[in-house]
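Trainee: Just dropping this structure here.
Protein chains: 2
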Amino acid sequence: MILPISNTRNRLLRSMASDDLRTISRHLSPARLDLRRVFEQPGRRIEEICFPETAIVSVVARGSDNRGIEAGLIGCEGMTGVAVVMGDDQSPNETYVQLAGTGAVIAADDLRGLILASSTLADHLLKYAHNLMVQTAQTALANGRATIEERLARWLLMAADRVGGSELALTHELLSLMLGVRRPGVTNALHKLEGGQLIRAKRASITIRDRPGLEAIANGFYGVAERDYDRLFGGKTMAANDVEPAINLAGAAS
Amino acid sequence: MILPISNTRNRLLRSMASDDLRTISRHLSPARLDLRRVFEQPGRRIEEICFPETAIVSVVARGSDNRGIEAGLIGCEGMTGVAVVMGDDQSPNETYVQLAGTGAVIAADDLRGLILASSTLADHLLKYAHNLMVQTAQTALANGRATIEERLARWLLMAADRVGGSELALTHELLSLMLGVRRPGVTNALHKLEGGQLIRAKRASITIRDRPGLEAIANGFYGVAERDYDRLFGGKTMAANDVEPAINLAGAAS
DNA sequence: CTATTTTTGTTCGAAAAGGTACGGTTTGCC
DNA sequence: GGCAAACCGTACCTTTTCGAACAAAAATAG
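Protein chains in written order, with numbering that gives the first Met the number 0: chain A, 0 to 253; chain B, 0 to 253.
What follows is the structure, encoded as structure tokens:
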């Protein structure tokens with residue numbers, strides 16, 4: 000029940016040169032990405048890298064104390080392990096699955112070899128790494144200057160882009176960890192959004208009803224990194240992603 | 000009064016392979032980096048890249064409205080223009096000199112050529128680019144979770160590392176722009192630090208008196224990116240930088 | 001040495017967000 | 001169906017930060 004990787008829903012894979020895609024496909028394995036599956040950990044060598052399809056993976060920065068915050072969000076438009084693309088073998092950030100789904104994984108060593116062998120592949124992945132850096136800079140901006148409501152709107156839009164759908168299965172608690180705010184603060188902000196008919200919230204599930212409305216609420220804190228991605232990887236807006244997932248989870252690899 | 004680039008005080012240059020340093024030196028020009036000199040601007044092609052020596056350059060992220068915030072700080076440990084190193088030719092962030100001083104500049108096109116010609120050079124600069132990404136992630140963390148006092152302590156430590164000295168010539172106003180907070184908020188936090196004998200503040204000048212004390216106040220928000228830099232580029236701590244500047248600004252340094 | 005600009009000190013009230021606690025729902029499990 | 005766990009709604013008071021305005025001090029220019 001596993002379709003070939005070349006039909007993957009991951010945009011970063013799909014937008015690479017067909018030669019590169021063919022080559023990398025031989026090393027990629029379709030995988031179910033379960034909640035909290037870890038891809039990077041401070042002080043540990045990165046062993047595996049993933050290209051999400053319907054899952055969302057978070058990059059979380061931590062200080063020397065324990066409090067963390069999300070510094071990057073990765074979905075079907077990207078990949079984990081940009082440290083490897085940039086010639087390092089580890090990162091001080093944690094990277095783990097935030098919203099379960101599917102994706103394709105590859106051994107870090109394999110990817111290193113492929114990058115050495117194909118400069119077009121290296122270029123392609125490096126451009127994404129730079130876009131992720133831009134996203135992180137925008138997150139720093141939002142964390143410093145936006146209200147909880149604005150940051151929440153931004154996060155929901157980004158997440159919706161990355162799963163290619165409008166329903167997000169996550170709890171207030173998770174959102175509060177990502178945004179680095181109090182859990183009731185999230186509840187409160189969600190109520191405001193729901194009051195404006197911008198989202199519908201059920202238990203552990205948020206559905207976007209009015210994208211333009213959300214973008215207006217996000218008040219300029221959403222969009223910079225996304226437009227830069229489109230400039231680099233082609234015009235289609237991120238949200239327009241209605242391809243079927245490459246992996247049919249019925250009986251897929253555990 | 001301009002010494003050869005090979006004696007530069009820039010650590011990123013000094014730590015590269017001697018072949019690469021020799022080659023790149025032929026394209027580098029020593030330069031005075033005056034306040035507000037711009038190296039990158041959203042939507043514009045990056046033409047010139049600099050390796051600061053005694054200057055500090057800021058990467059500032061802006062949203063679609065006008066409010067910006069510092070997302071990266073670059074001094075004698077790094078370089079501007081990581082977008083170019085990563086195969087792009089522009090960035091949505093602004094990059095400009097925050098604290099005047101000296102440095103070396105190179106045309107972006109020249110650097111592109113050198114990177115293509117030397118994979119060891121490319122590797123070296125890419126590692127720095129990754130470190131800058133880590134720094135930005137830590138900034139996102141600090142912006143989201145630290146108090147003004149903690150963020151200020153962090154910023155002062157980072158800036159002192161990057162100028163290789165303990166005196167910083169800047170105003171509360173500038174700091175408030177970088178940190179994205181109210182100007183009186185900076186004044187207030189500086190008073191607290193001064194009360195604890197951690198700094199001495201004069202008009203448009205802050206001197207660090209007690210580094211360990213400042214690190215304690217920074218409360219875990221300083222150090223992660225710095226330790227990662229040392230892991231990548233060698234053990235010496237950033238602050239230990241007592242080489243003379245390559246450019247003698249006669250009379251400029253009071 | 002006076003006038004002007006720049007920088008810093010200080011104040012007020014208001015808004016935003018934090019910490020904590022607890023009650024109410026929904027869900028899932030036995 | 002009943003119990004436990006997970007998740008959400010709400011309330012309280014405190015702290016932090018903001019916005020705005022204005023006064024004092026230091027540098028600078030004429």
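Where a beta carbon is used, it is the ideal one built from N, C-alpha and C, also for glycine.
1. With a cut-off of 8 Å on the beta carbons, I'd call A54/B and A99/B a contact; round off their distance for me.
2. From the beta carbon of P29/B, is the nearest beta carbon of chain A less than 8 Å away?
3. What separation, rounded to the nearest whole angstrom, lies between the Cα atoms of M0/A and L27/A?
4. Assign P211/A to one of two classes, buried (16 or more other C-beta atoms within 10 Å of its C-beta) or exposed (fewer than that).
5. Could you check what DSSP says for G233/B in three-state terms: helix, strand or coil?
6. Kindly list the residues whose CB is nearer than 7 Å to the CB of A251/B, restricted to its own chain and excluding five residues on each side of it in sequence; keep chain order.
7. Going by beta carbon distance, what residues of the same chain come within less than 8 Å of D227/B, once the five residues before and after it are set aside?
8. I need the DSSP call for R13/B, collapsed to helix, strand or coil.
9. Which residues mark the beginning and the end of the alpha helix (DSSP H) in which Y254/B is found?
10. Would DSSP call G80/A helix, strand or coil?
11. Using a cut-off of 8 Å between C-beta atoms, extract the partners of D122/A located in chain B.
12. According to DSSP, simplified to helix, strand and coil, what is G219/B?
13. Going by alpha carbons, who is nearest to A159/A out of I4/A, E76/A, D19/A, M15/A?
14. Is the shortest distance between the beta-carbon of F220/A and the beta-carbons of chain B less than 8 Å?
15. Spell out whether any CB of chain B is found under 8 Å from the CB atom of P91/A.
16. Sorted by chain position, which residues of the same chain lie with C-beta nearer than 6 Å to I4/B's C-beta, five sequence neighbours on each side aside?
17. Within a Cβ cutoff of 7 Å, which residues of the same chain sit near L260/B, ignoring the five residues on either side of it in sequence?
18. Cβ atoms of Y95/B and R31/B: under 8 Å apart, would you say?
19. Compare the C-beta of A188/A with all C-beta atoms of chain B and state if any pair is closer than 8 Å.
20. I want to verify the contact list: residues of chain B whose CB lies under 7 Å from the CB of H171/A, in sequence order.
21. Can you tell me whether T7/A is buried or exposed? The criterion is at least 16 other CB atoms within 10 Å of its CB, across all chains shown.
22. What does a CB cutoff of less than 8 Å around H123/B pick up in its chain, not counting 5 residues either side in sequence?
23. What residues of chain A sit near M132/B, judged by a beta carbon separation below 7 Å?
24. For Q97/A, does the count of other Cβ atoms within 10 angstroms reach 16, so buried, or fall short, so exposed?
25. Assign E172/A to one of two classes, buried (16 or more other C-beta atoms within 10 Å of its C-beta) or exposed (fewer than that).
26. Examine chain B for any beta-carbon lying closer than 8 Å to the beta-carbon of V223/A, and answer yes or no.
27. Quick check on the burial criterion: 16 or more other C-beta atoms within 10 angstroms. Buried or exposed for G233/A?
28. Just to check my reading of the structure: I48/A and L110/A have Cβ atoms closer than 8 Å, yes? What is that Cβ distance to the nearest angstrom?
29. Please report whether the beta-carbon of L140/A lies at a distance below 8 Å from any beta-carbon of chain B.
30. Between which two residues does the alpha helix (DSSP H) holding L110/A run?
31. Tell me the DSSP secondary structure of P41/B in three-state form.
32. Shorter than 8 Å from the beta carbon of I73/B to some beta carbon of chain A?
33. Please work out which residues of its chain come closer than 6 Å, Cβ to Cβ, to R61/A, disregarding the five sequence neighbours upstream and downstream, and give them in chain order.
34. For a contact meaning CB atoms closer than 7 Å, what does R144/B contact in chain A?
35. Helix, strand or coil for E52/A? Go by DSSP, reduced to three states.
36. Is any beta-carbon of chain A found at less than 8 Å from that of G62/B?
Mentor: By the coordinates alone:
1. 6 Å
2. no
3. Any reading at M0/A must be qualified, since the residue scores a pLDDT of 44, below 50, and its modelled position is unreliable; no value is offered.
4. exposed
5. coil
6. Model confidence at A251/B stands at a pLDDT of 38, short of 50, so the residue's coordinates are unreliable; what they give is reported in the following sentence. Hits under 7 Å: none found.
7. N130, V133
8. helix
9. Lying outside 0 to 253, the shown extent of chain B, residue 254/B is not represented and no answer is given.
10. coil
11. G86
12. coil
13. E76/A
14. yes
15. yes
16. S24, L27, A103
17. Examination of residue 260/B is not possible in this model, given that chain B is present from 0 through 253 alone.
18. no
19. no
20. Going along chain B, no residue has its Cβ under 7 Å from H171/A, so there is no contact; the nearest lies around 17 Å.
21. buried
22. L11, S14, M15, A16, D19
23. M132, T135
24. buried
25. exposed
26. yes
27. exposed
28. 6 Å
29. yes
30. 107-116
31. coil
32. no
33. G67
34. R66, I68, G179
35. coil
36. yes
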